[in-house]
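Residue numbers (the working numbering): 1 to 279.
Dropping the structure here:
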């Protein structure tokens with residue numbers, strides 16, 4: 001098996017570039033050959049290449065019949081800049097799955113909005129960030145054909161008792177960047193996933209207010225809250241759910257999971273894929 005490693009968002013700093021080597025060793029131990037995109041390490045400020053160059057890197061993997069899957073290993077702020085350079089007709093015809101997390105929320109949802117194809121919210125570099133053998137075991141089992149350890153979620157309901165639909169969303173800050181663009185997915189009847197790395201109560205509250213003001217909470221079938229890393233570290237008086245309740249009806253189902261987000265032990269979830277959660 002051969003896979004591509006891309007970086008559509010911020011470039012890796014040179015001091016952390018060794019992590020790419022470590023990831024390639026992990027993949028190699030699983031029998032997976034990796035092909036590294038030309039533009040991964042930062043060259044100018046946070047850019048590993050221009051938006052057009054990073055998009056060309058991604059499209060080269062879609063055009064290469066030997067590449068079976070594409071794993072984006074970046075994050076930050078720049079991913080939405082590549083969207084206008086992507087060939088969505090070619091992506092729609094491909095049987096490859098794109099994986100990424102955080103700022104790659106823009107591309108995951110853009111692919112679904114433009115092609116109807118699903119992608120995976122997950123950072124494969126978690127297998128390098130953490131020494132926990134469980135992470136490699138989950139991924140190896142996935143490669144061996146058993147996706148349950150990587151994708152099955154533990155969750156609890158905070159409001160309501162069931163929700164069902166196609167999953168959209170991801171990182172709340174990055175998802176809202178798509179609002180008003182053609183890359184914003186149809187959210188009617190969808191399950192909205194929201195998680196975040198940064199942001200205090202004011203930052204998360206204002207993003208939830210924006211989602212309410214553009215009608216999102218009137219149309220989705222439910223909200224699944226992942227982890228909000230820095231928010232949870234601050235021991236604030238209001239929880240993210242408390243903030244969310246200011247913007248939703250009492251009838252909208254809400255569930256939470258500790259297994260989706262920026263934690264190194266996070267599992268994967270399919271953006272553009274069906275999910276059913278029951279109490």
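For glycine and all other residues, C-beta sits at the position ideal for the given N, C-alpha and C.
Within the same chain, 4, 67 and 70 come within 6 Å of residue 61 by CB-CB distance, once the 5 residues on both sides are set aside.
Going by beta carbons, residue 58 and residue 82 fall inside the 8 Å limit. Counting only residues of its own chain and dropping the five nearest sequence neighbours on each side, residue 23 has a CB closer than 8 Å to the CB of 5, 34, 73, 124, 125, 127 and 128.
Under the three-state reduction of DSSP output, residue 109 falls in the helix class.
In this structure, the alpha-carbon of residue 50 lies about 11 Å from that of residue 7. Take residue 223, set aside five residues on each side of it, and the residues of its chain with a beta-carbon closer than 6 Å to its own are 192 and 254, in chain order. Comparing C-alpha distances from residue 182 to each of 267, 84 and 141 shows the shortest one belongs to 84. Looking from the CA of residue 154, the closest CA among 278, 106 and 259 belongs to 259. In chain order, 159, 160, 217, 220, 222 and 223 place their CB closer than 8 Å to the CB of residue 252, counting only its own chain and leaving out the 5 sequence neighbours on each side.
Take residue 46, set aside five residues on each side of it, and the residues of its chain with a beta-carbon closer than 8 Å to its own are 10, 11, 76, 77 and 78, in chain order. Under the Cβ criterion (8 Å, minimum of three pairs), the region 174 to 190 does not count as touching the region 230 to 246. Under the DSSP assignment, residue 173 falls in the alpha helix (DSSP H) whose first and last residues are 172 to 176. Where residue 233 is concerned, the enclosing alpha helix (DSSP H) starts and stops at 229 to 233. Inter-segment contact for the region 195 to 212 and the region 133 to 142 is absent: fewer than three beta-carbon pairs are separated by less than 8 Å.
Residue nearest to residue 174 within the set 152, 188 and 197 is 197 (criterion: CA-CA distance). Taken atom to atom, the span from the alpha-carbon of residue 226 to that of residue 256 is near 6 Å.
Within 10 angstroms of the beta-carbon of residue 144 lie fewer than 16 other beta-carbons, which makes it exposed. Residues of the same chain with a CB within less than 8 Å of the CB of residue 53, apart from the 5 flanking positions on each side, are 38 and 39 in chain order.
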